[in-house]
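A.B. asks: Mind having a look at this structure? Questions to follow.
In our numbering, the protein residues as written are 405 to 570.
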């Protein structure tokens with residue numbers, strides 16, 4: 405069983421600690437600088453697209469899905485000739501772009517936006533996981549390191565996430 409309790413969402417720990425608030429001030433400053441610089445770029449979409457590709461590539465590396473920036477740009481020009489890994493990472497970037505556009509339009513991150521991003525990532529609109537019994541185990545020890553909530557709990561937990569975000 406996972407050590408994480410899904411019943412404690414949102415976390416029952418202080419979130420606005422001194423170190424978090426200090427980081428927030430810095431992040432706010434850097435975002436303001438970025439916003440100012442972004443306005444000087446003739447096509448703001450180029451910056452967003454480039455950042456999405458970089459984020460997609462870096463995040464995919466965590467899951468041992470490795471590709472290059474060059475392969476990702478080639479995918480954009482000739483998607484039918486790209487390797488499967490580059491396609492997967494490009495879909496990640498596409499999902500980020502869709503999420504960004506929707507949040508920008510609505511001013512909110514909603515469950516519908518999350519589901520739209522998921523549909524791009526997975527290539528279908530299956531929605532939240534419905535298969536019970538999924539666990540992640542340590543390959544060496546067999547120890548369960550993560551056990552997701554049951555499919556019946558997912559809608560309630562996602563609604564709690566949405567309330568927490570807003």
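Each residue gets a CB set at the ideal place from its N, CA and C atoms; glycine is no exception. On a predicted model such as this, the values are computed, not experimentally measured, just so you know.
Using the rule of at least 16 other Cβ atoms within 10 Å of the residue's Cβ for burial, across every protein chain shown, is residue 490 buried or exposed?
C.D. replies: As a position in the chain shown, residue 490 is number 86, starting the count at 1. A residue is called buried once 16 or more other Cβ atoms fall within 10 Å of its Cβ, and residue 490 is buried on that count.
A.B. asks: Runs of 4 residues minimum, wholly inside the segment 415 to 477: which ones carry the alpha helix (DSSP H) assignment?
C.D. replies: Within the segment 415 to 477, the complete alpha helix (DSSP H) segments at least 4 residues long are 422 to 442, 448 to 466, listed from N- to C-terminus.
A.B. asks: Along the chain, where does the alpha helix (DSSP H) that runs through residue 568 open and close?
C.D. replies: Numbered from 1 along the chain shown, position 164 holds the residue referred to as residue 568. Counting along the chain, the alpha helix (DSSP H) containing residue 568 begins and ends at 558 to 569.
A.B. asks: Measuring CB to CB, does residue 519 end up less than 8 Å from residue 531?
C.D. replies: Against the chain shown, residue 519 aligns to sequence position 115. Against the chain shown, residue 531 aligns to sequence position 127. Yes, these two residues count as a Cβ contact at 8 Å.
A.B. asks: Kindly indicate the opening and closing residues of the alpha helix (DSSP H) around residue 493.
C.D. replies: Here the question's residue 493 lines up with position 89 in the chain shown. Its alpha helix (DSSP H) spans residues 488 to 510.
A.B. asks: Compute the Euclidean distance between the alpha carbons of residue 429 and residue 438, then round it to the nearest angstrom.
C.D. replies: Counting from 1 along the chain shown, the entry for residue 429 is found at position 25. Counting from 1 along the chain shown, the entry for residue 438 is found at position 34. Looking at the backbone, the Cα of residue 429 and that of residue 438 are separated by about 14 Å.
A.B. asks: Could you tell me whether the Cβ atoms of residue 460 and residue 486 are closer together than 8 Å?
C.D. replies: Along the chain shown, one-based indexing puts residue 460 at 56. Along the chain shown, one-based indexing puts residue 486 at 82. Not a contact, by the Cβ cut-off of 8 Å.
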